[in-house]
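2 protein chains.
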Amino acid sequence: MINRISSMKLAERVREGHVRAIARLITRVESGDPEVRQAMAELYKSTGRAHVVGITGVPGAGKSTLVTQLVLEYRASGRTVGVVAIDPSSPFSGGAILGDRIRMGELVSDPGVFIRSMATRGTLGGLARPALDAVDLLDAGGFDVVLIETVGVGQDEVDIVRAAHTTVVVNAPGLGDDIQAIKAGVLEIADIHVVSKADRPDSNKTIQELKAMLMMSLEPGEGVWRVPVVPTSSEKHTGFGELMAAIDLHAEHLEQSGEITERRRQIALTRVVKVAEEIVRDNFARDSRSQTEELLKKVTQRQLDPHGAAVTLLKAMKETIHESH
Amino acid sequence: MINRISSMKLAERVREGHVRAIARLITRVESGDPEVRQAMAELYKSTGRAHVVGITGVPGAGKSTLVTQLVLEYRASGRTVGVVAIDPSSPFSGGAILGDRIRMGELVSDPGVFIRSMATRGTLGGLARPALDAVDLLDAGGFDVVLIETVGVGQDEVDIVRAAHTTVVVNAPGLGDDIQAIKAGVLEIADIHVVSKADRPDSNKTIQELKAMLMMSLEPGEGVWRVPVVPTSSEKHTGFGELMAAIDLHAEHLEQSGEITERRRQIALTRVVKVAEEIVRDNFARDSRSQTEELLKKVTQRQLDPHGAAVTLLKAMKETIHESH
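Just so you know, the sequences run in chain order A and B.
One gets our numbering by counting positions in the first sequence from 1 and adding 10 to each.
One gets our numbering by counting positions in the second sequence from 1 and adding 10 to each.
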């Protein structure tokens with residue numbers, strides 16, 4: 011592309027708070043543009059100010075509605091908010107079926123709000139790396155709070171919320187028999203539980219079940235974070251102020267207890283591992299015409315097991331990891 | 011442990027079809043026992059006979075009930091079936107809350123059926139590697155069909171079903187507004203769609219919506235697989251024979267079209283990448299007292315970005331990858 015603005019130049023603009031530069035760099039990050047790497051490394055130095063909140067829960071739990079309401083609360087409290095929403099990819103539509111996103115429309119004209127919906131990638135690649143790069147961009151761009159919303163629950167999604175300071179798990183009453191956080195295996199990662207649709211009569215049962223579960227896991231001692239259960243209702247517009255207060259309280263707890271140090275280490279570890287995984291995947295794919303194909307053939311023919319092939323490829327990889335990667 | 015039977019010896023017994031040996035090796039695989047590695051490499055040579063079916067869908071879609079019914083169909087057709095069910099981990103319970111598993115109880119006394127429920131690992135590690143090792147064990151142990159059921163939908167779960175010959179996506183009517191396969195981003199990975207709970211009046215809407223979606227994505231041409239939509243009802247005991255027939259038809263299609271070659275390559279690639287990712291994670295964790303901690307500290311202090319740290323660690327890793335890993 012002729013006269014394309016460099017990612018380095020865009021990074022400068024991000025630091026000055028230009029949201030359009032943020033949007034453009036997210037696009038480059040998503041497309042796997044190699045030129046963006048150095049700019050992201052540079053921008054990383056300007057991160058670490060924003061409070062990052064991961065919001066997760068099973069499909070249908072009401073996460074997008076909750077995010078919209080939470081953003082409004084933050085705005086009312088005078089803070090700016092960036093949102094990274096990770097949407098399912100679909101070969102049929104880039105977004106037309108994503109009705110949830112449309113409900114966020116009321117927020118798009120507010121310059122103190124930036125919402126970016128990212129596609130999950132259909133290929134054998136994680137969604138964590140580009141999503142967390144987007145969080146960095148919003149952080150470096152000066153947003154006070156960054157919300158990451160993940161649709162669905164799985165390992166990669168769990169890893170994404172592991173890269174947040176505060177994790178909110180959203181449960182809706184009556185979705186299946188059991189508490190969804192249990193079914194989805196994310197009960198233990200919650201710093202805060204939300205029971206959405208709390209106007210519904212069956213919400214009390216969900217709230218009580220969650221509280222009972224949390225009681226069982228309660229560690230004794232002073233200064234331990236007690237995971238709260240916050241009921242919210244978008245019908246009645248209740249609970250979102252309480253949710254924001256709970257997030258603020260958790261942020262305060264992290265600082266005062268000193269837990270923030272271990273949390274930051276955990277976030278760094280998650281990010282480094284996710285990047286390393288992506289480098290490995292890319293490396294394997296890049297050699298696809300030669301050694302990789304040879305090894306894959308051996309694996310399909312049962313002459314070599316997957317572990318043996320992985321070790322061989324990792325050993326060969328060392329020569330091909332470039333700084334530019 | 012004194013007089014512990016070696017994994018190599020257990021592998022021999024697996025090949026002779028001893029299910030208890032399969033169970034023991036799965037346990038060793040799950041615990042990350044390094045001694046099991048060589049045995050799995052050896053056993054891998056005896057795999058490749060079973061037809062592997064991935065079954066996925068959002069929590070509450072009715073996957074476990076469907077698996078139970080499908081197993082009964084396979085048994086009635088004279089085939090043996092292994093099941094690997096990937097359950098959420100919970101700090102509270104190893105399985106007491108997993109009511110779904112109990113419903114499978116009627117099958118446990120049948121020697122032609124082996125069901126193993128595997129915990130997702132709570133740590134920064136994938137669940138794909140141990141789950142796919144379990145599939146190998148069942149394959150090598152002589153089971154005709156191996157079903158992998160994944161709870162929840164996410165990248166790692168998608169990767170698991172990518173390691174199957176046939177992928178079945180289960181949709182329940184009325185779980186949220188949209189078709190769950192779309193919300194969860196797995197519409198495109200389905201070889202077969204199931205609409206469960208088809209006795210419910212709203213199931214027709216889900217079936218029609220799915221069919222309309224599939225029509226839109228239809229590629230023209232002869233010999234292209236047409237993704238069927240199979241309604242099932244465990245209430246009325248209908249549809250499970252049709253589902254088995256659809257899976258058999260898909261297996262036949264893979265062979266006749268020659269697509270099986272590419273599918274096998276894809277499975278091998280997924281497996282190799284998953285193992286490589288695990289090796290990288292383990293390697294990073296192993297060095298945790300020295301270089302890794304140093305780099306993580308730099309990352310938290312914004313002196314180094316996650317990408318730079320990952321490249322440094324991957325380069326350092328080359329010396330520490332042992333065959334024994």
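Even for Gly, the Cβ is constructed at its ideal location relative to N, Cα and C.
Note that the structure is predicted; figures quoted are calculated from it, not measured.
Who are the near neighbours of residue i in its chain, counting only those whose CB is closer than 8 Å to its CB and skipping five residues on each side?
{"i": "residue 354 of chain B", "result": "No answer is possible for residue 354 of chain B: it lies beyond the span of chain B, which begins at 11 and ends at 335."}
{"i": "residue 278 of chain B", "result": "none"}
{"i": "residue 256 of chain B", "result": "202, 238, 240"}
{"i": "residue 247 of chain B", "result": "79"}
{"i": "residue 19 of chain A", "result": "none"}
{"i": "residue 258 of chain A", "result": "none"}
{"i": "residue 27 of chain B", "result": "151, 152"}
Which same chain residues, not among the five before or five after residue i, have their C-beta less than 7 Å away from its C-beta?
{"i": "residue 169 of chain B", "result": "138, 280, 284"}
{"i": "residue 155 of chain A", "result": "60, 61, 63, 84, 89, 91"}
{"i": "residue 144 of chain B", "result": "36, 39, 94, 126, 128"}
{"i": "residue 407 of chain A", "result": "In the structure as shown, chain A begins at 11 and stops at 335. Residue 407 of chain A is therefore absent and cannot be evaluated."}
{"i": "residue 252 of chain A", "result": "240"}
{"i": "residue 187 of chain A", "result": "In this prediction, residue 187 of chain A has a pLDDT of 49, which is less than 50 and means its spatial position is unreliable; what the coordinates show is noted afterwards. The answer is none, since no qualifying residue turns up."}
{"i": "residue 399 of chain B", "result": "Because chain B in this structure spans residues 11 to 335, residue 399 of chain B falls outside the shown range and cannot be described."}
{"i": "residue 229 of chain B", "result": "none"}
Whose C-alpha, out of the options, is nearest the C-alpha of residue i?
{"i": "residue 31 of chain A", "options": "A:45, A:44, A:16", "result": "A:16"}
{"i": "residue 48 of chain B", "options": "A:308, A:316, A:291", "result": "A:316"}
{"i": "residue 282 of chain B", "options": "A:274, A:288, A:276, A:294", "result": "A:294"}
{"i": "residue 199 of chain B", "options": "B:64, B:268, B:122, B:145", "result": "B:64"}
{"i": "residue 171 of chain B", "options": "B:183, B:201, B:147, B:149", "result": "B:201"}
{"i": "residue 311 of chain A", "options": "B:19, B:27, B:40, B:55", "result": "B:55"}
{"i": "residue 151 of chain B", "options": "B:303, B:75, B:313, B:25", "result": "B:25"}
{"i": "residue 323 of chain B", "options": "A:322, A:327, A:320", "result": "A:327"}
{"i": "residue 177 of chain B", "options": "B:204, B:57, B:184", "result": "B:204"}
{"i": "residue 53 of chain A", "options": "A:29, A:149, A:67, A:210", "result": "A:149"}
{"i": "residue 122 of chain A", "options": "A:96, A:173, A:86, A:314", "result": "A:86"}
{"i": "residue 46 of chain A", "options": "A:27, A:22, A:66, A:67", "result": "A:22"}
{"i": "residue 42 of chain A", "options": "A:28, A:141, A:215", "result": "A:141"}
{"i": "residue 210 of chain A", "options": "A:228, A:245, A:253", "result": "A:245"}
{"i": "residue 319 of chain A", "options": "B:325, B:319, B:300, B:287", "result": "B:287"}
{"i": "residue 3 of chain A", "options": "A:153, A:303, A:249", "result": "There is no way to answer for residue 3 of chain A, as the model of chain A reaches only from 11 to 335."}
{"i": "residue 232 of chain B", "options": "B:217, B:27, B:267", "result": "B:267"}
{"i": "residue 271 of chain A", "options": "B:252, B:228, B:303, B:251", "result": "B:303"}
{"i": "residue 76 of chain B", "options": "B:34, B:160, B:120, B:227", "result": "B:160"}
{"i": "residue 174 of chain B", "options": "B:120, B:66, B:289", "result": "B:66"}
{"i": "residue 250 of chain A", "options": "A:269, A:29, A:81", "result": "A:81"}
{"i": "residue 29 of chain B", "options": "B:74, B:96, B:120", "result": "B:120"}
With residue i and residue j assumed to form a contact (beta carbons below 8 Å), what rounded beta-carbon distance in angstroms separates them?
{"i": "residue 62 of chain B", "j": "residue 158 of chain B", "result": "7 Å"}
{"i": "residue 234 of chain A", "j": "residue 72 of chain A", "result": "That pair is no contact at about 29 Å."}
{"i": "residue 50 of chain B", "j": "residue 146 of chain B", "result": "7 Å"}
{"i": "residue 264 of chain B", "j": "residue 273 of chain B", "result": "6 Å"}
{"i": "residue 68 of chain A", "j": "residue 68 of chain B", "result": "6 Å"}
Counting only beta-carbon separations shorter than 7 Å, does residue i have a partner in chain C?
{"i": "residue 312 of chain A", "result": "Within the model displayed, chain C is absent; protein chains A and B are what it includes."}
Excluding five sequence neighbours on each side, which residues of the same chain lie with their C-beta closer than 6 Å to the C-beta of residue i?
{"i": "residue 314 of chain B", "result": "308"}
{"i": "residue 260 of chain B", "result": "176, 201"}
{"i": "residue 34 of chain A", "result": "20"}
The ligand SAM and residue i: does the residue's C-beta get closer than 6 Å to at least one heavy atom of that ligand?
{"i": "residue 74 of chain A", "result": "Looking for the ligand SAM in the displayed structure turns up nothing, as the structure carries no ligands at all."}
Inset, instruction - Only counting runs of 3 or more residues, tell me where the beta strand (DSSP E) segments fall wholly within the stretch 188 to 273 of chain B, in order along the chain. - result: Within the stretch 188 to 273 of chain B, the beta strand (DSSP E) runs of at least 3 residues that lie entirely inside it are, in chain order, 202 to 205, 239 to 241.
Legend entry - Touch test, the stretch 14 to 28 of chain B against the stretch 301 to 315 of chain B, Cβ-Cβ under 8 Å, three pairs minimum: With a cut-off of 8 Å on Cβ pairs, the stretch 14 to 28 of chain B is not in contact with the stretch 301 to 315 of chain B, counting fewer than three such pairs.
Legend entry - contact_flag[the stretch 211 to 227 of chain B, the stretch 239 to 252 of chain B] where n(CB pairs < 8 Å) is 3 or more: Segments in contact, yes.
Legend entry - Unbroken stretches of the beta strand (DSSP E), 3 residues or longer, contained in the stretch 44 to 98 of chain B: Within the stretch 44 to 98 of chain B, the complete beta strand (DSSP E) runs of at least 3 residues are 61 to 66, 91 to 97.
Legend entry - Every unbroken alpha helix (DSSP H) within the stretch 280 to 324 of chain B, with a cutoff of 4 residues, ordered by chain: For secondary structure counted as the alpha helix (DSSP H) over 4 or more consecutive residues, the stretch 280 to 324 of chain B holds these complete runs in sequence order: 301 to 310.
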